[in-house]
Amino acid sequence: MNSKVQELKVFLDHAGRVALVEVAAAKGSTPREAGAFMLVSASEIFGTIGGGQLEYMAIDKARQMLGSLRSASFSEFADVGAAPHPPAGTFSPYSDGEKKAG
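The numbering used here numbers the first residue of the sequence shown as 6 and each following residue consecutively.
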């Protein structure tokens, strides 16, 4: 097993509920491409969608959603510098039972 897979396994084993944050679309110069993702738990993060203010906002939104059983879109823009960035993407909370079922 490579180190990233091992890191992911350790994260999932200890994370409890996690939210999957995925970049739904990317236009122009962006820190990450569409499909980039991170997993967010109440206290930890695995991966990145590019860092900065947009990622901070996405982490905050994901943590708010951890108590919910539904997915949601994050369509706010982060006004960083001269131009707004594209939407962070979608949020899908997963519970322990769901992630072990696959």
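No residue lacks a Cβ here, since even glycine has one placed at the ideal position from N, Cα and C.
Going straight from the alpha carbon of Glu38 to that of His19, what length do you get? As a first step, residue 38 must be located in the sequence shown, where it is residue number 33. As a first step, residue 19 must be located in the sequence shown, where it is residue number 14. Cα to Cα, Glu38 sits roughly 28 Å from His19.
Sequence-distant residues of the same chain with beta carbon closer than 7 Å to Gly56, five excluded per side: By one-based count along the sequence shown, residue 56 stands at place 51. Apart from sequence neighbours up to five positions away, the residues of its chain that approach Gly56 with a beta-carbon distance below 7 Å are Pro36, ordered along the chain.
Out of Ser34, Ser8, Met70, point me to the one whose CA is closest to Leu44's CA. Locating residue 44 in the sequence shown gives position 39, counting from the first residue. Minimum Cα-Cα distance from Leu44 among the listed residues Ser34, Ser8, Met70 corresponds to Met70.
Count the other CB atoms, across all protein chains shown, that sit within 10 Å of the CB of Ala31; report buried if there are 16 or more and exposed otherwise. Within the sequence shown, numbered from 1, the residue matching residue 31 stands at position 26. The C-beta of Ala31 has 16 or more other C-beta atoms within 10 Å across all chains shown, which makes the residue buried.
Contacting residues, own chain, Cβ-Cβ under 8 Å from Ile50 (five flanking each side not counted): Mapped onto the sequence shown, residue 50 falls at position 45. The beta carbon of Ile50 sits closer than 8 Å to those of Met43, Leu44, Ile64, all from its chain and outside the five residues before and after it, given in chain order.
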